Structure formats: C-alpha cells, structure tokens
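In the working numbering, the protein residues as written are 5 to 438.
Quick notes on the structure that follows.
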Amino acid sequence: LAKLEKSGALDEWLKQHQYDLVVIGGGSGGLATAKEAARLGKKVLCLDFVKPSLKGTTWGLGGTCVNVGCIPKKLMHQTALLGEYIEDARKFGWSIQSADKKLNWEKMKNAIQDHIAALNWGYRVQLRERQVTYSNAYGVFTGSHELTTTNKKNKVEKITADRFIIATGLRPRYPDVEGAKECCISSDDLFSLSYNPGKTLCVGASYVSLECAGFLKGIGNEVTVMVRSILLRGFDQDMAERIRSHMMTRNIKFVHAVPTKYERLEEPTDDKPGLVRVSWEESFEDGNKRVVTEDFNTVLMAIGRDAVTDGMGLETVDVERSKSGKIIGRREQSVSCPYVYAIGDVLEGCPELTPVAIQAGRILMRRLLTGNSELTEYDQVPTTVFTPLEYGCCGLAEEAAIAKYGKENINVYHNVFIPLEFSVPERIENSHCY
C-alpha cells in the first residue's frame with residue numbers, strides 16, 4: 005500500500021470517476037459486455053466508431069460479424085445454396101418450369117442490408133433499455149483512467165472510468181504491392197457493393213477468401229483463388245485439402261502465386277464492377293519464371309486481418325501489445341495495465357469467433373463485479389467454415405495433436421458420411437463428404 009500511495013496509483017484508484025466501465029468497441033463482444041455490466045448495476049459507456057474502409061465503406065452498431073462478417077457472409081452462402089436446392093427440387097419431384105436460373109444481385113444485397121439495418125437499430129434499443137450510454141465517438145487514452153473522445157462533429161470530451169474494456173476487433177490487411185490499395189476491395193466492402201462483382205479473384209488462403217469464393221461461384225460468377233502456400237493455416241490440413249479438391253470440382257480455379265502488381269483498367273460504376281489487371285510470376289516446367297497477367301472485374305483481398313489498436317494511445321497507459329497489435333492479457337486483463345482489459349479478436353491467444361467474444365465478455369463482468377470465479381476456456385471451441393461443402397471442427401487438428409503428443413501416441417479414425425438429403429439428387433458432393 006505504501007508503494008502504491010507513493011506512486012500516486014492508490015489515489016487514482018480511489019478517485020471518483022464518471023463511469024464504472026467504458027467499453028471501446030460496439031461489436032458483439034463489446035455490446036454483450038456493456039449490457040452485462042449494466043445488468044449488474046454499473047454505470048456503463050459504450051464507444052463505437054467505425055473508420056471507413058479504403059473504399060469508403062462504413063456501417064452501424066454491431067461490429068464486424070453483424071455488418072461485414074458472419075451475418076451477410078452466411079446469408080450470401082445461403083443464397084448460393086438455394087440455387088442448388090432449385091436443382092435438387094427437380095430430382096425430388098417438383099415441377100419447375102423455367103430453366104433460366106439467374107440471381108438479382110441488387111435484390112439480394114438490399115434484402116441482406118435491410119436485415120442488418122434492423123439489427124443495428126435493435127442494438128441501439130437494447131443499450132437504451134439497459135441504460136448503457138452510447139456514443140459514436142473515437143476514444144484515445146490520454147492519461148491514467150482517462151479517455152479523450154472525438155465524435156463525427158469533432159466534439160471533444162474527456163471521460164474517466166474505473167475500468168476499460170477494449171473490444172475493437174480486427175480489420176482486413178492490405179499487402180505492400182503496387183496498386184493493391186487502389187484496385188482491391190476487402191470483405192468490408194463486398195457485402196454492400198451496388199453491383200455484382202463479376203469475374204473475381206480472391207487473394208489469400210484464409211477462410212474469408214474461401215468462403216467468399218464459394219458463394220460467389222455459387223451465384224454464377226467466375227472465381228479464381230490465389231494462394232501463396234497452404235490453405236486454412238491452423239486448421240487440419242487433410243480437411244483443408246479436401247475443401248480445395250471439392251471447390252475445384254465446382255470449377256473454382258486455384259493459382260499458387262503472389263500478385264506483384266494490380267492495375268486499374270476500368271473504374272467501377274453503380275451497376276458495373278470495372279476491370280483490374282493482375283500480374284504475378286509463375287514457374288513453368290522448363291524451370292523458368294514468367295510474368296502472367298489476367299484481367300478480373302473484382303479483386304478481393306483476404307490475406308489476413310490486423311488488430312484495431314493503433315492510434316488509441318495505449319502506449320500512454322503502458323498497455324503491452326504483440327507484434328500483430330493484439331493486447332497481451334492474463335485472463336483478459338492487460339499484463340501491464342491493471343484497469344484495462346481486452347476481449348474477442350483483439351486479445352492475444354483468443355479464438356477469433358463471435359460467440360467466444362460474447363461469452364468472454366459476460367463471464368469477465370460476472371467475475372469482476374460479483375466475485376464469480378468462472379473463467380472462459382479458450383480451447384475445445386467448435387467452429388465452422390462455410391465453404392460450399394461446409395467444414396466443422398472442434399479440438400486439435402491432426403498436425404497439432406502430433407506436435408503435442410507425438411505421432412505414435414495418436415490414432416486417426418476416418419469415416420465417409422453422406423447426408424440423407426444428398427442421396428436422391430446424387431450430388432457431386434457425395435464423393436467429398438467426410
């Protein structure tokens with residue numbers, strides 16, 4: 005206590021602050037945390053400010069999952085599946101007169117965006133009902149227990165709180181390649197495009213890249229996936245290769261290369277996607293490398309995502325971060341600043357999954373505010389990849405199990421399983437189900 009008193013930290017802890025808790029980030033995890041703290045009787049402020057994407061795309065309350073992630077991705081995946089169900093229906097006896105199956109992109113996009121807008125409004129209502137103060141403002145740490153916020157009207161305000169929760173999530177990464185930022189879009193932009201993206205190149209081996217490639221092909225677009233090495237790093241590689249094999253049977257092209265240049269040939273309009281020339285080096289059988297070029301209507305950059313922690317003044321309060329910008333924590337609490345916590349994708353070592361962020365936020369609030377000893381366990385979390393043939397997993401990948409226990413100490417069981425509903429249509433997927 006004497007040491008704390010001498011440093012002034014004790015006075016700071018005992019000082020009366022404006023809020024019990026400030027949550028920075030209005031995504032699924034941040035909202036769940038704010039609502040749980042308010043339910044437990046605390047005075048809570050939730051800050052949410054979305055910096056526009058490089059293409060100027062922005063969105064409302066709810067974070068990545070609701071606006072530019074899980075929700076629109078799953079709905080567009082469902083759109084693609086419905087196209088398949090139309091064909092299946094004929095095999096099951098339905099008489100479908102028209103053979104012309106065509107998607108209206110604008111109608112689909114508007115329906116999905118209307119649903120998202122309803123969710124945005126619902127979150128605002130929920131915060132108000134739980135008496136959580138909401139501010140569409142950008143917060144920067146400017147002192148101990150202190151944030152300076154700036155809203156869209158450039159109104160500046162100083163805010164103090166006992167504790168801060170950082171739940172700012174991740175944003176798409178762009179490579180340092182000529183033309184990448186000028187010519188490519190990201191998943192932040194795809195779901196609200198006013199035009200069908202047309203012939204598309206998906207750059208990256210991430211689940212975002214593969215999922216988008218899958219549903220774009222499913223709605224009738226020509227799609228190429230360009231990868232540097234393995235698919236789905238961190239997932240079971242046997243399953244990753246099965247996903248690649250299945251996508252190739254659907255005429256999704258895979259190219260092993262890294263783009264070296266992007267060049268805009270035609271600008272997009274409200275109803276047309278434009279044209280981008282992509283260059284890369286390809287190795288040939290004679291051992292030589294040659295520059296290959298191909299034109300695409302749209303290039304989707306999906307090589308990874310970075311933590312949204314720059315420009316927040318974290319160095320002012322000595323919050324330690326990893327090389328990727330994520331906050332290093334011990335059970336969600338910053339290892340270097342005791343009144344700052346992190347949940348969700350922005351926390352080092354946390355699975356990048358919406359339900360995990362929601363659960364972690366709720367459990368953290370109960371632990372801090374009620375003395376509950378429950379902890380969030382970050383292993384054994386199930387997840388799904390919504391490629392055309394969906395992949396679900398839980399626990400260790402085979403490679404991770406071998407690394408942890410040794411190959412001689414594990415057994416791998418294989419089983420082919422064909423869903424009953426696939427049997428009558430005799431889908432091509434039947435040879436890939438596993």
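The beta carbon of each residue, even a glycine, is placed where N, CA and C say it ideally should be.
Bear in mind the structure is a predicted one, so any value in this text is a computation, not a measurement.
A straight line joining the alpha-carbon of Leu49 with that of Glu270 spans about 45 Å. In the structure shown, Trp284 falls within a strand segment according to DSSP collapsed to helix, strand and coil.
Sequence-distant partners of Asn419 (beyond 5 residues in either direction) whose C-beta falls short of 8 Å from its own C-beta, in its chain, are Tyr438.
Bounds of the alpha helix (DSSP H) holding Ile406 are 402 to 409. Along the region 212 to 269, the alpha helix (DSSP H) occurs as fully enclosed runs of 4 or more residues at 241 to 253, listed in sequence order.
Considering only Arg281, Lys105, Gln101, the residue with the shortest C-alpha distance to Cys188 is Arg281. With a 10 Å radius around the Cβ and a threshold of 16 neighbouring Cβ atoms, Ile432 comes out exposed. A distance below 7 Å between beta-carbons, with the five flanking residues on each side excluded, links Leu373 to the following residues of its chain, in chain order: Ala41, Leu44, Lys46. Residue pairing by DSSP places Asp310 opposite Arg175 in a beta bridge.
For Ile414, same chain residues with a beta-carbon under 6 Å away, outside a window of 5 residues either side, are Ala405 in chain order. Per the C-alpha coordinates, the member of Thr137, Thr172, Trp63 positioned closest to Ile163 is Thr137. For Asn155, the uninterrupted beta strand (DSSP E) run begins and ends at 150 to 155, by DSSP. Under the Cβ criterion (8 Å, minimum of three pairs), the region 52 to 72 counts as touching the region 30 to 39. Following the DSSP letters along the chain, one finds Met305 in no alpha helix (DSSP H) but inside the beta strand (DSSP E) bounded by residues 302 to 305. As for any beta strand (DSSP E) of minimum length 3 sitting wholly inside the region 73 to 140, the runs are 137 to 139, ordered along the chain.
Runs of the alpha helix (DSSP H) lying entirely within the region 324 to 389 and spanning at least 4 residues, in chain order: 358 to 374. Between Asp193 and Thr61, the C-beta spacing is below 8 Å. Here the C-alpha atom of Glu378 lies approximately 44 Å from the C-alpha atom of Tyr89. The beta carbons of Lys265 and Ser287 sit no closer together than 8 Å. For Gly173, the closest of Leu368, Thr68, Lys106, Pro76 by C-alpha to C-alpha distance is Thr68. In this structure His21 is not in contact with Ala141, their Cβ atoms being roughly 18 Å apart against a cut-off of 8 Å. Around the C-beta of Met252, fewer than 16 other C-beta atoms lie within 10 Å, and the residue is accordingly described as exposed.
With respect to Tyr127, Gly66 sits close: the two C-beta atoms are nearer than 8 Å. CA-CA distance, Asn376 to Val350, rounds to 24 Å.
Ranked by Cα distance from Pro355, the options Val262, Gly238, Arg246 are led by Gly238. Assignment of Arg167 by DSSP, reduced to helix, strand and coil, places it in the strand class. Within 10 angstroms of the beta-carbon of Phe421 lie fewer than 16 other beta-carbons, which makes it exposed. The Cβ atoms of Pro392 and Gly218 sit closer than 8 Å to each other. Sorting Val160, Val385, Arg246, His149 by C-alpha distance to the C-alpha of Ser435 places Arg246 at the top. In the three-state reduction of the DSSP assignment, Asp299 falls in the strand class, which pools E and B.
In this model, Tyr417 and Glu402 are separated by some 11 Å (Cα to Cα). When the five nearest sequence neighbours on each side are left out, the beta carbons in the same chain lying within less than 7 Å of the beta carbon of Ala93 are those of Ile100, in order along the chain.
Assigned with DSSP and collapsed to three states, Glu289 falls in coil, not helix or strand. Going by DSSP, Asp275 is part of no alpha helix (DSSP H) at all; its letter is neither H nor E.
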